[in-house]
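Colleague: My structure is below; once you've seen it, I'll send some questions.
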Amino acid sequence: MAFTLPSLPYDFAALEPIIDSQTMQIHHGKHHGGYVSNLNKAIEGKSDIEKKSIEALIADLPSVPDDIRTAVRNNGGGHANHAMFWQIMAPPGNGGGGEPTGELLSAINSHFGSVAELKAKIADAGAKRFGSGWAWLVVKGGKLVVGSTANQDNPRMGDAIAGFSGIPILGVDVWEHAYYLKYQNRRPDYLAAWWSVVNWAKVAELYQAAH
């Protein structure tokens, strides 16, 4: 199998009370697990594709055969998005929450004016994304940019496919399966609470690698 479901870096209940244990179990095992399974089915026997990293694969969708391109876009994007999502979260007060520091903080202040303004832009992008999708902070042309994508599209796919591009360093899932058991239709409440589990150290690591 070309791709595998990564283990969570914490227990299912570790993000309580921000994200409940049941949501984490379903989200990781059923949703992310389903994306990995369906992606592997789509690319089975295509050794040139199976050798690629997930980032390289979704960044070069035009090279994927027409008959499996949609499956790779949806499921490859789902795998890439969630693999990063688990990593940029940590238990509240134990790696999660707080504020960014160092070079990342300087870049945020330079591009947005303040961390509060960045959070407001992410919340706005997430709340205004109609239906399912993601809100992102990306590095693009040496700058930090906020935007959103539909469904499981990833900014690495480029403007022509995803409608937004860059190297993602932070992404928040706004599909209902990410929050509905606890927050029901209150997506803005989920987006506001989510900052309490953001692992800024991991985001800073991704920022360093992206610029």
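Just so you know, numbering that gives the first Met the number 0 puts 198 at position 199 of the sequence shown, and the rest follows in order with no gaps.
Think of the CB as a built atom: it goes at the ideal place given N, C-alpha and C, for glycine as much as any other residue.
1. What residue range is occupied by the uninterrupted beta strand (DSSP E) comprising Pro-167?
2. So for Ala-134, helix, strand or coil by DSSP?
3. Just verifying my parser: in three-state terms, what is the DSSP assignment at Gly-92?
4. Let's see if you can read the secondary structure: which residues bound the beta strand (DSSP E) around Leu-143?
5. So, at 6 Å on beta carbons, what are the nonlocal neighbours of Lys-139 in its own chain, with the 5 sequence-adjacent residues on each side left out?
6. Between the alpha carbons of Phe-2 and Gly-76, how many angstroms are there, rounded?
7. Helix, strand or coil, according to DSSP, for Val-63 in the structure here?
8. Give me the Cα-Cα distance between Glu-54 and Arg-155, rounded to the nearest whole angstrom.
9. For Ala-70, which residues of its own chain have a beta-carbon under 6 Å away from its beta-carbon, when the five flanking residues on both sides are left out?
10. Excluding the 5 residues preceding and the 5 following Ala-89 in the sequence, name in chain order all residues of the same chain whose CB lies nearer than 6 Å to its CB.
11. Among Trp-193, Ile-25 and Leu-7, which one has its Cα closest to the Cα of His-176?
12. Using a 10 Å radius around the Cβ and a threshold of 16 neighbouring Cβ atoms, would you call Lys-51 buried or exposed?
13. Is Lys-139 helix, strand or coil when you go by DSSP?
14. Is the distance from the Cβ of Gln-21 to the Cβ of Leu-190 below 8 Å?
15. Among Trp-193, Asp-152, Glu-15 and Lys-201, which has the Cα closest to the Cα of Leu-60?
16. Ends of the alpha helix (DSSP H) at Arg-186?
Modeller: Concretely, from the data shown:
1. Residues 166 to 172.
2. In the structure shown, Ala-134 falls within a strand segment according to DSSP collapsed to helix, strand and coil.
3. Gly-92 falls in the coil class under three-state DSSP.
4. For Leu-143, the uninterrupted beta strand (DSSP E) run begins and ends at 142 to 149, by DSSP.
5. Within the same chain, and ignoring the five residues on either side of Lys-139 in sequence, the residues whose Cβ sits closer than 6 Å to its Cβ are Gly-165.
6. Here the alpha carbons of Gly-76 and Phe-2 stand approximately 13 Å from one another.
7. In the structure shown, Val-63 sits in coil (DSSP, three-state: anything other than H, G, I, E or B).
8. If I take the Cα positions, the gap works out to 7 Å.
9. Within the same chain, Ala-41 come within 6 Å of Ala-70 by CB-CB distance, once the 5 residues on both sides are set aside.
10. Correct list, in chain order: Gly-95 and Asn-198.
11. Nearest to His-176 by alpha-carbon distance, out of Trp-193, Ile-25 and Leu-7, is Ile-25.
12. It counts as buried.
13. In the structure shown, Lys-139 adopts extended strand secondary structure according to DSSP, grouped into three states.
14. No, Cβ-Cβ distance for Gln-21 and Leu-190 is not below 8 Å.
15. Closest in C-alpha terms to Leu-60, from the list Trp-193, Asp-152, Glu-15 and Lys-201, comes Asp-152.
16. Its alpha helix (DSSP H) spans residues 186 to 193.
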